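In the working numbering, the protein residues as written are 14 to 223. Glycine is no exception: its CB is placed at the ideal position from the N, C-alpha and C atoms. Bear in mind that the values here come from a model prediction, so they are computed numbers and not experimental data. First comes the structure, then the notes that go with it.
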């Protein structure tokens, strides 16, 4: 293995690990919103309160976005053969997080309403899948541990993408189809929302002219 290939593998694995970590932190930030709101209510200075909330939003949604991006960059058959990805948990967790991002973009989840709570559960579920894939599959105990010879850990270790090309291929195809369906649904919803907004603007102008 040359230095370039080794650097590519190290970078890809690091980005994947960061993506998983970011998804877990973002899930905790979403679930912990009541705590941040309690702190916000105790701040007497408007500038401090605005800065506190802005930092919270940037961290919460920024980490969610980069977690999806970093994992997405590694879910391809070339890199799946080189690095260890917890199958099928991490790719499916990414799909769940993509759905949560789309809900955030097209629906109002900033108000702490029913949809916001549902989306928090979706994010938590995606992060949980990533956590399972990382702890039980990607970081399963090595050969230096006697427990590594147990059937459970032998099974989980076999779910690593670089050790199971057949499963990697199947999971990639399923993930690809799920992403296509998700993006198609998002595009359809966006076009319908755009047409609705355009119609409302035209009706508003006609009413003003009348």
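Name the DSSP bridge partner or partners of residue i?
i	result
residue 173	99
Applying the criterion that 16 or more other CB atoms from any shown protein chain within 10 Å of the CB defines a buried residue, is residue i buried or exposed?
i	result
residue 76	buried
residue 133	buried
residue 70	exposed
residue 1	The requested residue 1 does not occur in the structure, where the chain is confined to residues 14 to 223.
residue 165	exposed
residue 94	exposed
Give me the Cβ distance between residue i and residue j, rounded to the nearest whole Å; I'm assuming they're in contact under 8 Å.
i	j	result
residue 143	residue 78	About 15 Å separates the two Cβ atoms, so there is no contact after all.
residue 62	residue 53	6 Å
Ordered along the chain, which non-local residues of its own chain (more than five positions away) have a Cβ less than 8 Å from that of residue i?
i	result
residue 83	28, 29, 31, 32, 35
Which residues bound the alpha helix (DSSP H) around residue i?
i	result
residue 18	16-44
residue 146	Per DSSP, residue 146 belongs to no alpha helix (DSSP H) and is neither H nor E.
residue 69	59-87
residue 91	90-93
Spatial neighbours of residue i within its chain, please: CB distance less than 7 Å, with the 5 preceding and 5 following residues excluded, ordered by chain position.
i	result
residue 92	25
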